[in-house]
Structure formats: structure tokens, C-alpha cells
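In the numbering used here, the protein residues as written are 43 to 495.
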Ligand SMILES: [Fe+2]
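Here it is as C-alpha cells:
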């Protein structure tokens with residue numbers, strides 16, 4: 043039996059916020075987990091199901107990645123004609139990532155929760171909140187076939203679960219050149235990716251291919267077992283509100299508002315090589331989970347960012363040194379899942395020989411509408427902090443959430459969405475959001491009129 047993780051005893055007790063002040067950004071309401079079972083006999087009987095935080099092993103992984111990055115960052119630029127060529131994305135990202143990595147420290151006991159699936163579910167009950175990553179394992183009903191029968195999960199995914207290898211996907215390639223309007227991504231067929239995967243990794247040098255935002259074609263049983271509670275199931279209702287229109291009968295035609303919805307309830311992320319994702323927030327302020335199906339993965343985050351760090355990051359994303367004292371990291375291994383709350387500034391790193399398959403998804407929580415609204419407002423004010431565009435989708439999301447809040451208020455179900463104070467704060471923040479959008483639309487109109495003149 044594995045020993046219990048020290049980190050699983052994280053203190054999650056505190057009191058809900060009752061501030062009358064409208065927060066500029068999500069307040070870190072730390073609400074009691076209320077989970078005496080997390081620390082009692084039930085806790086002990088479930089030790090074998092709990093992942094273990096191993097700082098020594100994580101440190102070795104970090105050391106290896108830092109050594110590899112140092113080699114890339116130190117590469118001299120060619121001195122002749124080629125020196126005028128645009129820089130590749132890989133070395134540019136490596137320099138910033140090296141700084142983040144060199145400042146990353148292991149989390150303290152109360153900064154991360156290593157828990158069983160059942161304990162994770164308790165931490166995500168209505169009104170409960172852990173302000174940091176929750177790491178768990180064996181979170182899905184779905185099982186991969188044995189390696190000797192069908193190959194690795196990546197081979198099984200591409201050979202069996204993707205319906206057509208001719209499908210094209212957007213691939214971030216680290217050797218693409220940066221500059222002007224050039225993109226860091228290009229289209230690949232999945233067949234080409236499978237061929238690349240089947241080659242020897244050593245032949246690929248420091249190149250990385252990162253397939254982001256790929257549709258998850260795995261069966262529904264891949265879903266996480268600890269996300270079945272009511273509180274974590276708000277996003278599907280927001281999607282229905284935005285996309286399905288007024289009728290809730292089964293649709294026989296196209297959903298009228300589908301284009302206004304940003305599909306992110308679940309996806310797959312396939313990566314070969316040392317792909318680095320620099321620090322960012324996920325767009326439209328969701329909670330996020332990453333379930334690692336294959337390989338090993340480094341996760342870094344800014345632990346409990348205060349106003350100072352948030353302001354520095356918002357003003358100068360991916361260049362601010364103010365984040366360094368609060369950067370923490372951990373290594374995730376196949377079978378483990380990390381879940382972190384909305385507004386977490388995070389980054390992802392891999393070693394040179396990485397081949398990772400992740401199933402991920404976004405989550406919205408009914409009892410966190412105030413924090414969601416504050417984070418979304420901050421992302422609209424500072425669009426560069428999110429990894430993807432926030433507008434125009436944010437307008438549709440806010441309208442949908444407002445409608446759901448109104449409906450809960452009408453039915454007297456205010457406790458489900460955080461109580462009266464949280465609702466009042468939500469409406470104040472929404473007002474600020476509406477003013478911001480009006481101002482920005484006014485600016486756009488003025489600009490267009492000036493251009494016409
Ligand atoms: Fe992210």
C-alpha cells in the first residue's frame with residue numbers, strides 16, 4: 043500500500059467571502075471542504091487509491107528539462123545571411139520557459155491536494171473550494187487495451203478511435219519561423235502525425251509538434267468520475283443556452299447559436315517532443331482539468347496569485363518577473379489528472395523525448411458565478427492574458443449566464459448559485475462588463491467613421 047500523501051492533508055478551511063466591494067478579479071474564497079472524511083478512517087482506507095506527491099522525482103524531471111532547455115537557449119544565432127531570418131518559435135519560447143522553470147519551486151503541503159477520486163468530488167461540492175491544483179488518479183471508467191495487444195494509447199487513439207486518418211488538425215510546430223503575420227501552427231493530416239510518431243524520437247532533435255484543441259473522439263466513459271455532481275455541470279447548460287435557442291425539444295436541424303459557443307467541454311491534446319506552453323489563463327475563465335493518458339508532463343502555476351502578481355501579469359503577460367516567487371510545479375504521470383480552478387495562471391512543459399496524450403476539459407461551477415464573472419471581466423480588460431481570444435464569445439457567455447442566474451433567482455434557488463451576496467456581486471460585475479463592451483463598441487464605431495472620412 044502506498045503511503046498517504048502529505049499534501050492530501052491540505053487545510054482547506056476558511057470562510058466564504060461576504061465583501062460588499064465588487065472584486066476586480068475573482069476573490070480567492072476558500073471555503074471549508076467540510077470533509078471530515080478526508081482526514082478520518084475513510085481517508086486511511088482509501089490510501090491505495092491516492093496519488094503520491096514525490097518532490098525528489100519531480101525535481102529530477104525538472105532538472106532534466108532545464109538542462110535540455112539551456113542547450114536550446116544558448117544556441118548562437120548564425121552570423122551570416124541566415125542571421126536575418128526570423129527566429130523560430132521553439133528557441134524563443136525556450137528562453138522564457140527556462141526562466142519560469144529556474145524559478146519554479148515544489149508546492150508546500152497546503153498548496154496542492156493529492157486525493158482520491160471520491161475526495162476530489164467532495165472538494166468540488168457546492169460552495170467548497172480549494173485554491174490550488176487537485177491531483178488524483180484512476181479518474182475514468184474508460185480503459186486502454188493492453189500494450190502488447192493494441193500498442194500504446196497514442197497508437198490506439200489514432201488507429202482505432204479517430205474515425206478518419208485523413209482528418210486535418212492544427213499543429214504547433216516549434217521549427218516554424220516567428221515574425222510578421224506568420225502563424226505558429228499549420229495543418230497536418232492525422233496520418234502524417236502517426237507516421238511521425240512511429241519514427242525514432244532521437245531523429246527529431248529538439249523539434250516539437252503540439253496538436254492543440256483536437257476534438258475528443260473517445261467514448262463518453264473517458265469522462266472524469268469526480269465531475270458528476272450538480273455544481274460542476276454548469277457549462278453544458280451555458281452551451282444549451284447559447285447554442286440551442288429557445289426550444290428545448292430535440293433538434294432536427296442546425297443549432298442556431300452554435301457559432302457563438304466556444305467548444306471546450308472536452309478535447310484531446312497530442313504532443314510529440316518538448317512542447318512548451320508559456321504562462322496563461324484559459325479563455326472565458328473556466329476551471330480546467332488535464333487527464334494524462336500517456337507520457338509524463340510538467341505543470342507549473344502561480345500559487346495563490348495576489349493583486350500584485352495579477353496586475354503585473356495582466357499588464358505584461360509572459361514577461362513579468364513578479365510571478366517568480368509564487369511559481370510552483372509538479373510532474374504528472376500517466377493515469378493522473380490535475381484539476382485547477384478558474385483564473386489560475388499556468389504553464390505546461392515537457393522533456394525532449396515526450397510523447398503525451400491528454401484528455402482535457404473545461405468546467406464551470408454554479409456556486410462560483412461571482413468569481414467567473416470577475417475573471418471573465420479581467421480577461422476582457424487584458425485580452426493577452428488568455429491563451430485564445432475572449433471576445434466576441436464572452437458577450438454570449440455572459441448573456442447566457444445572466445439568464446441562468448435570473449431563472450435561479452425566479453425559482454428561489456439562490457443557494458445553488460452561491461447565495462444572495464454572490465448574486466449581487468455578479469450583477470455589479472456584469473454592469474461593469476456591459477459598460478466595457480459598450481465603450482469598446484463605441485471606440486470601434488468611432489474608428490470606422492474616422493477611417494471613412
Ligand atoms: Fe491552459
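Even for Gly, the Cβ is constructed at its ideal location relative to N, Cα and C.
Rounded distance between the beta-carbons of residue j and residue i, thought under 8 Å
i: residue 161; j: residue 393; result: With 8 Å as the limit, residue 161 and residue 393 do not qualify as a contact, their Cβ atoms being about 30 Å apart.
i: residue 313; j: residue 251; result: 7 Å
i: residue 336; j: residue 249; result: 19 Å between Cβ atoms; not a contact.
i: residue 93; j: residue 154; result: At roughly 11 Å, the Cβ-Cβ gap does not stay under 8 Å, so residue 93 and residue 154 are not in contact.
i: residue 347; j: residue 414; result: Contact doesn't hold; Cβ gap of about 17 Å is too wide.
i: residue 324; j: residue 436; result: Contact doesn't hold; Cβ gap of about 13 Å is too wide.
i: residue 460; j: residue 412; result: 6 Å
i: residue 426; j: residue 367; result: Contact flag wrong, Cβ pair sits at about 22 Å.
i: residue 259; j: residue 203; result: 5 Å
Local Cβ density within 10 Å of residue i, reported as buried at 16 or more and exposed below that
i: residue 105; result: exposed
i: residue 272; result: exposed
i: residue 421; result: buried
i: residue 98; result: exposed
i: residue 318; result: buried
i: residue 431; result: exposed
i: residue 116; result: exposed
i: residue 270; result: exposed
i: residue 410; result: buried
i: residue 401; result: buried
i: residue 340; result: buried
i: residue 19; result: Nothing in the structure corresponds to residue 19, since the chain is present only between 43 and 495.
i: residue 173; result: buried
i: residue 191; result: exposed
i: residue 484; result: exposed
i: residue 310; result: buried
i: residue 291; result: exposed
i: residue 356; result: buried
i: residue 477; result: exposed
i: residue 208; result: exposed
i: residue 254; result: buried
i: residue 169; result: buried
i: residue 448; result: exposed
i: residue 296; result: exposed
i: residue 240; result: exposed
i: residue 137; result: exposed
i: residue 195; result: buried
i: residue 316; result: buried
i: residue 287; result: exposed
Paired residues, beta bridge with residue i - DSSP
i: residue 256; result: 310
i: residue 428; result: 323
i: residue 331; result: 381, 403
i: residue 344; result: 369
i: residue 227; result: 214
i: residue 339; result: 374
i: residue 438; result: Answer is none; residue 438 lacks a bridge partner.
i: residue 178; result: 379
i: residue 147; result: 370
i: residue 389; result: 342
i: residue 266; result: 182
7 Å Cβ shell around residue i - same chain, five flanking residues per side excluded
i: residue 343; result: 175, 370, 382, 386, 387, 388
i: residue 180; result: 91, 159, 377
i: residue 266; result: 181, 182, 331, 333, 379
i: residue 407; result: 273, 274, 276, 329
i: residue 142; result: 321, 342, 369, 389
i: residue 424; result: 356
Per-residue DSSP class, three states only, for residue i
i: residue 395; result: coil
i: residue 491; result: helix
i: residue 173; result: coil
i: residue 95; result: coil
i: residue 412; result: helix
i: residue 300; result: helix
i: residue 204; result: coil
i: residue 219; result: strand
i: residue 82; result: For residue 82, the predicted structure reports a pLDDT of 39, less than 50, and the residue's modelled location is therefore unreliable. A value from the coordinates is still provided. In the structure shown, residue 82 sits in coil (DSSP, three-state: anything other than H, G, I, E or B).
i: residue 375; result: strand
i: residue 157; result: coil
i: residue 294; result: coil
i: residue 475; result: helix
i: residue 485; result: helix
i: residue 189; result: helix
i: residue 251; result: strand
i: residue 433; result: coil
i: residue 285; result: helix
Own chain partners of residue i with C-beta closer than 6 Å, once the 5 adjacent residues on each side are dropped
i: residue 284; result: 299, 302, 303, 438, 442
i: residue 375; result: 338
i: residue 264; result: 182, 184, 401
i: residue 354; result: 362, 364
i: residue 235; result: none
Spatial neighbours of residue i in its chain, beta-carbon cut-off 8 Å, leaving aside the 5 residues before and after
i: residue 281; result: 303, 307
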